[in-house]
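The structure under discussion appears below in the form of structure tokens.
Numbering (my numbering), first residue to last: 32 to 146.
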């Protein structure tokens, strides 16, 4: 059984080639295990850097525990990767972890919301 499902993948290019992907993590144990989410980030980053025949310079990933959280834009984790070759770099996301060129923000606010 997959620990997550892809909710959407969108080409959000503007001034740089960007892609954004949203994931709903269906395994409650995976939501609490940052190492599992880190491995999903690394796995998906490799797939998103080149997606649908296009090469992207910026990748954003958003992880949700429920579809209602995705609908309300409340991720428990978001990640951003910016290629070193990107000429028009965006601001880095606020983050509390940096891993292999990826900025990661862990947010526990979703635990306090009844969605």
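We treat Cβ as the ideally placed atom computed from N, Cα and C, and that holds for glycine.
Predicted model only: the values in this text are computed from it and were never measured.
- Judged by DSSP secondary structure, residue 80 falls within the alpha helix (DSSP H) whose first and last residues are 65 to 80.
- Residue 56 is classed as buried because its beta carbon has at least 16 other beta carbons within 10 Å across all chains shown.
- With 16 or more other Cβ atoms inside 10 Å of its own Cβ, residue 88 counts as buried.
- Beta bridge pairing from DSSP links residue 86 with 81.
- With contacts defined by Cβ atoms closer than 8 Å, residue 67 and residue 36 do not form a contacting pair.
- Here residue 110 is buried: its Cβ has 16 or more other Cβ atoms, across all protein chains shown, within 10 Å.
- Distances from the alpha-carbon of residue 72 to those of 118, 140 and 135 put 135 closest.
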